[in-house]
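Undergrad:
Number of protein chains: 2
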Amino acid sequence: MAKAAVRAKRSGKRDSAASRERILEAATREFAEKGYDGARVDEIADASGFNKNALYHYFGSKEKLFVAVLERAYATIRDRQSDLSIRDMDPEEGMRRLVEFTARVWVEMPEFNRLLASENLHEARHVRQSTEIPKMYNPLLETIRELLKRGVETGRFRDDIDAIDLYISISALSAHYISHRHTFEAIFQTKLLSPKRLQQRIDHAADMIVSYLRKEPG
Amino acid sequence: MAKAAVRAKRSGKRDSAASRERILEAATREFAEKGYDGARVDEIADASGFNKNALYHYFGSKEKLFVAVLERAYATIRDRQSDLSIRDMDPEEGMRRLVEFTARVWVEMPEFNRLLASENLHEARHVRQSTEIPKMYNPLLETIRELLKRGVETGRFRDDIDAIDLYISISALSAHYISHRHTFEAIFQTKLLSPKRLQQRIDHAADMIVSYLRKEPG
DNA sequence: ATCAGTTATCTAACTGGTTAGTTATTTTAT
DNA sequence: ATAAAATAACTAACCAGTTAGATAACTGAT
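Chains B and Z, in that order, are what the protein sequence lines are.
Numbers in the working numbering are just positions in the first sequence, counted from 1, shifted up by 11.
Numbers in the working numbering are just positions in the second sequence, counted from 1, shifted up by 11.
Spelled out as structure tokens, the structure:
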């Protein structure tokens, strides 16, 4: 059993909710590190400080555990995003902040990026098993719609923009850079995650989004 | 043994180059479909029509086989890209074609996208083992530099653009859309790969790149 | 040309370690 | 007491890699 897990267990009495949570934390780390197929149930059990059967007691199977991990990860992202108070900002400034903010989330939560990569290799088999995830309305998308609406109203944004395409592009410009940095670094022989290089990337992404939004002069 | 593989074997005598190639084809399919960890050596052997030890004879290990698969996939992409004759085009038109062309490659070679996703989950461990892949200069990057240079010279493009950032963005806008379509489809409850929707995406991506490149008026 | 010796190609069966999931049992809180 | 929480030991299937050997192709001497 991992030392941190032993410590966590000693500190408390039996508490099924806390046990569930500790298992989910360990599972998130393992699945994010190795992907669904690379992850090992025994490793998760050991890292969580529980016996393997505790996992089966709480989650039923490796697949269902992964579904729970994804649900928790999506919920965490959603919570982070609802912290945003940019819906009332100037549309262009708001969009720029949105790009920066989204990029920071990818940087600070690399697990989520990796879980998504693995999940898409499985054609979202587990996300589609979840009744919770599709229900989660996406506050970021709503923010985008609101900013777009006001930008168009004030005549500064072009009026033919699809919010879903824009959402995917805002995500893509930073997520792809981060998730594919290892192969890019191998090919371009350059580091992509230094603070300076990362800031350059975020500025690039924000410039790209903002210049796209602007109405052509004339 | 798979039927197609049996047919392929009957048609010819012993031919190590052809055998190697047939194994690589089967391995590419298996690794792309299931990722590195999900792929099974026995499945590849069966699909190729050879005994498992033939794979070990030619490639030594599952890892080295995967490296060979990646090298072959990168080479295929490189060959496709050198077909391009857009280096001499009008810079803006050339960039637009480049975005469209790149997107079509992702659509038509979904295996490559999936191999890259799996490989990046492994932090490019196999790509870094390859001596060939880093050596492959990227003609697409050269094309971008050439178009950028001329666009800046004629005063139509802004002059602060990093070619690598632009390359990654051109890739990202279509690759991320395609590789992450399964989770996006689950969340947005919409199909993303119909011909019409795909064309919308490509237009969106091209618009975004081109509007970014244009020098701000004034 | 043909045959012996040699090497490359390919096969069948096996091995040892791993892995998801199960069963039988004990411990703890109420 | 008893029900929930947790454990230890087990199982059956799987899987990467190996071993030992067979068959086909090549080489050079006759």
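Just so you know, even glycine gets a beta-carbon here, dropped at the ideal spot from N, CA and C.
1. Please classify residue 164 (chain B): is it buried, with 16 or more other beta-carbons within 10 angstroms of its beta-carbon, or exposed?
2. Near residue 212 (chain B), what residues of its chain come up, given a Cβ to Cβ distance below 6 Å and the 5 sequence neighbours on each side ignored?
3. Could you list which residues in chain B have their beta carbon closer than 8 Å to that of residue 180 (chain Z), in chain order?
4. Check distances from the C-beta atoms of the stretch 117-133 of chain B to those of chain Z and list, in chain order, the residues that come in under 7 Å.
5. Any Cβ of chain B within less than 8 Å of the Cβ of residue 176 (chain Z)?
6. Output, in chain order, the set of chain B residues within a Cβ distance shorter than 7 Å of residue 60 (chain Z).
7. By the DSSP assignment, the alpha helix (DSSP H) with residue 110 (chain Z) in it spans what residues?
8. With burial defined as no fewer than 16 other Cβ atoms inside 10 Å of the residue's Cβ, what is the status of residue 205 (chain B): buried or exposed?
9. Would residue 221 (chain Z) and residue 103 (chain Z) qualify as a contact pair, given that the criterion is a beta-carbon distance under 8 Å?
10. Suppose contacts are defined by Cβ-Cβ distances below 8 Å. Is residue 174 (chain Z) in contact with residue 152 (chain Z) by that definition?
11. For a test of the three-state rule: what should DSSP assign to residue 51 (chain Z), helix, strand or coil?
12. For residue 141 (chain B), collect the residues of the same chain with a Cβ closer than 6 Å to its Cβ; drop the 5 residues on either side in sequence, then sort them by chain order.
13. How should residue 128 (chain Z) be labelled, buried or exposed, when 16 other C-beta atoms within 10 angstroms of its C-beta is the threshold for buried?
14. Run through chain B and tell me which residues come within less than 7 Å of residue 194 (chain Z), C-beta to C-beta.
15. To the nearest angstrom, how far is the alpha carbon of residue 133 (chain Z) from that of residue 177 (chain B)?
16. Between residue 155 (chain Z) and residue 106 (chain Z), what straight-line distance do the alpha-carbon atoms span, to the nearest angstrom?
17. Would residue 126 (chain Z) and residue 42 (chain Z) be called neighbours here (beta carbons separated by less than 8 Å)?
18. To be precise: take each residue of the stretch 54-79 of chain Z, compare its Cβ to all Cβ atoms of chain B, and keep it if any distance is under 9 Å. Which residues remain?
19. Counting only the same chain and skipping the five closest in sequence on each side, list residues whose C-beta sits under 8 Å from that of residue 192 (chain Z).
TA: Quick look at the numbers:
1. As a first step, residue 164 (chain B) is located in the first sequence; it is residue number 153 there, counting from the start. Looking at its Cβ environment, which holds fewer than 16 other Cβ atoms inside 10 Å, residue 164 (chain B) is exposed.
2. For this step, residue 212 (chain B) is matched to residue 201 along the first sequence. 188, listed in sequence order.
3. By 1-based counting over the second sequence, the position of residue 180 (chain Z) is 169. Within chain B, the residues 184, 215, 216, 219 have their CB atoms less than 8 Å from the CB of residue 180 (chain Z), given in chain order.
4. In summary, the residues of the stretch 117-133 of chain B whose CB is separated from some CB of chain Z by less than 7 Å are 125, 127, 128, 129, 130, 131, 132, in the order they occur in the chain.
5. Taking the first residue of the second sequence as position 1, residue 176 (chain Z) is located at position 165. It does; some Cβ of chain B falls within 8 Å.
6. In the second sequence, counting from the first residue as 1, residue 60 (chain Z) sits at position 49. Chain B residues near residue 60 (chain Z): none, gap ~25 Å exceeds 7 Å.
7. As a first step, residue 110 (chain Z) is located in the second sequence; it is residue number 99 there, counting from the start. Per DSSP, the continuous alpha helix (DSSP H) segment holding residue 110 (chain Z) begins and ends at 102-119.
8. For this step, residue 205 (chain B) is matched to residue 194 along the first sequence. Result: exposed.
9. The sequence position of residue 221 (chain Z) within the second sequence is 210, counting from 1. The sequence position of residue 103 (chain Z) within the second sequence is 92, counting from 1. Yes, Cβ-Cβ distance for residue 221 (chain Z) and residue 103 (chain Z) is below 8 Å.
10. Stepping through the second sequence from its first residue, residue 174 (chain Z) is reached at position 163. Stepping through the second sequence from its first residue, residue 152 (chain Z) is reached at position 141. In contact: residue 174 (chain Z) and residue 152 (chain Z) (Cβ atoms closer than 8 Å).
11. Residue numbering aside, residue 51 (chain Z) sits at position 40 when the second sequence is read from its first letter. Residue state for residue 51 (chain Z) is assigned as coil, using DSSP reduced to three classes.
12. As a working mapping, residue 141 (chain B) is identified with position 130 in the first sequence. Close CB contacts of residue 141 (chain B) within its chain, under the 6 Å cut and outside five residues either way in sequence, are with 78, 82 (chain order).
13. The residue given as residue 128 (chain Z) occupies position 117 in the second sequence. Note on residue 128 (chain Z): 16 or more other CB atoms within 10 angstroms of its CB, so buried under the neighbour-count rule.
14. The residue you call residue 194 (chain Z) lines up with position 183 of the second sequence. The contacting residues are 127, 130, 131, 135, 138.
15. Residue numbering aside, residue 133 (chain Z) sits at position 122 when the second sequence is read from its first letter. Residue numbering aside, residue 177 (chain B) sits at position 166 when the first sequence is read from its first letter. When rounded, the distance between both Cα atoms is 29 Å.
16. On the second sequence, position 144 is the one that residue 155 (chain Z) refers to. On the second sequence, position 95 is the one that residue 106 (chain Z) refers to. Their Cα atoms are separated by approximately 8 Å.
17. Position 115 of the second sequence, counting from 1, holds the residue named residue 126 (chain Z). Position 31 of the second sequence, counting from 1, holds the residue named residue 42 (chain Z). Yes. Within cutoff.
18. So the list is empty, because no residue satisfies the distance condition.
19. Position 181 of the second sequence, counted from the first residue, corresponds to residue 192 (chain Z). Within the same chain, residue 192 (chain Z) has close Cβ partners 203, 204.
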